[in-house]
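**Student:** Please read through the structure below; I'll follow up with questions.
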Amino acid sequence: MKKKSIIVLSFSLFCMASVFGTTKYFVQTKFANQKDAVDKPMVEESFSDVLAAITLQAKKEGVSETVIKKYLTTVKPFPEEKSALTSKMSRAEIESHKFSIPDFRELIADRISKKTVDEFLSNNKKNLLLISKKYQVPPQYILVMLGLESEFGRNVGKKPLLQALVNTAYEDKERRNYFSQLAVDALKILEKSHPVLPQQLKSTFDGGMGIPQFEPSTYLELAVSFAGNGQPNIWTNMNDAMASTANFLHQLGWRENESWGYPVLLPNDSDQWVQLAKEQKEQSIADWLKLGIKFKVTPEKVDNTLKAELLLPYGVKGPAFLVLHNYHVLKLWNASTNESVATGLLADEYEKDLFPTKRAAHQ
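For the sequence shown, the numbering used here gives the first residue as 10, with consecutive numbering after it.
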């Protein structure tokens, strides 16, 4: 889903056979056939056919004729030179191997400048800490995620929401059903909104909305109102954006008193480490340390009984990490390994600099 990169509509949260074990996370969605939604695109090929199929599905799911007529029937194809899918390039390039983990961390740190962080905390720190306590998610993760996604609302998508989703559904044949359902869910949000904010009609090419850049389906399931009443406003209300981000992580199983992971040093460049990482072998931190792995920076406090995996994003000669349960939760926010690790590293820095009283509890 970014976050958002999965559609979460109902949970039996984690069907886990172990801590995060041989069975990773299984998030139950409205698409019991989500694999088919990816592997078996709808047969319609023309833009008008795709639009008609979305319209029919919206009616089946209770969207009114008024909303459909106002927001969907006016949707047109993007000009070829303004294809929705061309917007994928920036994220694809960022995630490519031309960026190392440290480079990526610097890249996102540049997007969250000290000035914007200071301004954000000046206006929101009190409620950020209240939200952190309520949802049992450390504040630095909420801060980093909102900064990374939209620079705290300064840089949100500017594409027309329905036009972007319908065009992406048309162009991305392998995920046509997926984006078609996002379009239907966007209509459901507009149906509930009184009034509809101008910002609600804008998104990224793939439907990322508002300050946390939630996809429509994620919004319907996990967005919450900070005040506890009314429809969540993740577009212009920072309290709702913070609470919704925290609720996302909480519902996906965030463990408040655990780290996401630790940078480590390998004792040698043996291929055994590559194999262990490839197998996603889980064992206690203590057992990893017995093999000769060392913390790059010794944590102030760590529970060596916690299960961890060895992560080698660029092989045995690149950076190495022992990652814990919360790393996998970060990857449910965004499937990117680079972004998940960089988010964790940056959150560690903000914890030390901005929330020092909480540091010992989360090490």
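Using N, Cα and C, we set each Cβ at its ideal position, and we do this for glycine too.
In chain order, what are the residue ranges of uninterrupted alpha helix (DSSP H) at least 4 long that sit wholly in the region 250-288?
**Tutor:** Whole alpha helix (DSSP H) segments, 4+ residues: 280-287.
**Student:** Counting C-beta neighbours from all protein chains within 10 Å, is the total for residue 203 16 or more, i.e. buried, or is it exposed?
**Tutor:** It is exposed - the Cβ of residue 203 has fewer than 16 other Cβ atoms within 10 Å.
**Student:** DSSP three-state call for residue 240: helix, strand or coil?
**Tutor:** Here residue 240 sits in coil by DSSP.
**Student:** Indicate whether the contact test is met: 3 or more Cβ pairs, each with one atom in the region 320-339 and one in the region 256-266, closer than 8 Å.
**Tutor:** The region 320-339, when compared against the region 256-266, does touch it at the 8 Å Cβ threshold.
**Student:** On the DSSP bridge list, what partners appear for residue 218?
**Tutor:** Paired residue(s): 223.
**Student:** Is it buried or exposed for residue 240, if we count other Cβ within 10 angstroms and need 16 for buried?
**Tutor:** Classification of residue 240: exposed, given that the 10 Å Cβ count is below 16.
**Student:** By DSSP, does residue 143 sit in helix, in strand, or in coil?
**Tutor:** In the structure shown, residue 143 sits in a helix (DSSP, three-state: H, G or I).
**Student:** Can you give me the Cβ contacts of residue 129 inside the same chain, cut-off strictly under 6 Å, excluding the 5 residues immediately before and after it?
**Tutor:** So the qualifying residues of the chain are 161.
**Student:** Determine contact between the region 159-175 and the region 65-76, defined as no fewer than three beta-carbon pairs at a distance below 8 Å.
**Tutor:** No: fewer than three Cβ pairs fall under 8 Å.
**Student:** Residues in the same chain with beta-carbon distance under 7 Å from residue 353, minus the five sequence neighbours each way, listed in chain order, please.
**Tutor:** Answer for residue 353: 269, 270, 336, 339, listed in chain order.
**Student:** Using the rule of at least 16 other Cβ atoms within 10 Å of the residue's Cβ for burial, across every protein chain shown, is residue 333 buried or exposed?
**Tutor:** The residue in question, residue 333, is buried, as its Cβ has 16 or more Cβ neighbours within 10 Å.
**Student:** Out of 322, 136, 185, state which residue places its alpha-carbon closest to the alpha-carbon of residue 272.
**Tutor:** When each option's Cα is compared against that of residue 272, the closest is 322.
**Student:** Could you tell me the boundaries of the beta strand (DSSP E) in which residue 318 lies?
**Tutor:** Taken as a continuous stretch (DSSP letters only), the beta strand (DSSP E) holding residue 318 covers 316-320.
**Student:** Around the Cβ of residue 225, are there at least 16 other Cβ atoms within 10 angstroms (buried) or fewer (exposed)?
**Tutor:** When all chains shown are included, residue 225 counts as buried.
**Student:** Can you grab the Cα-Cα spacing for the pair residue 358 / residue 247, in whole Å?
**Tutor:** Those two C-alpha atoms are separated by around 23 Å.
**Student:** With DSSP as the reference, please indicate the residues paired to residue 329 in a beta bridge.
**Tutor:** Per DSSP, 273.
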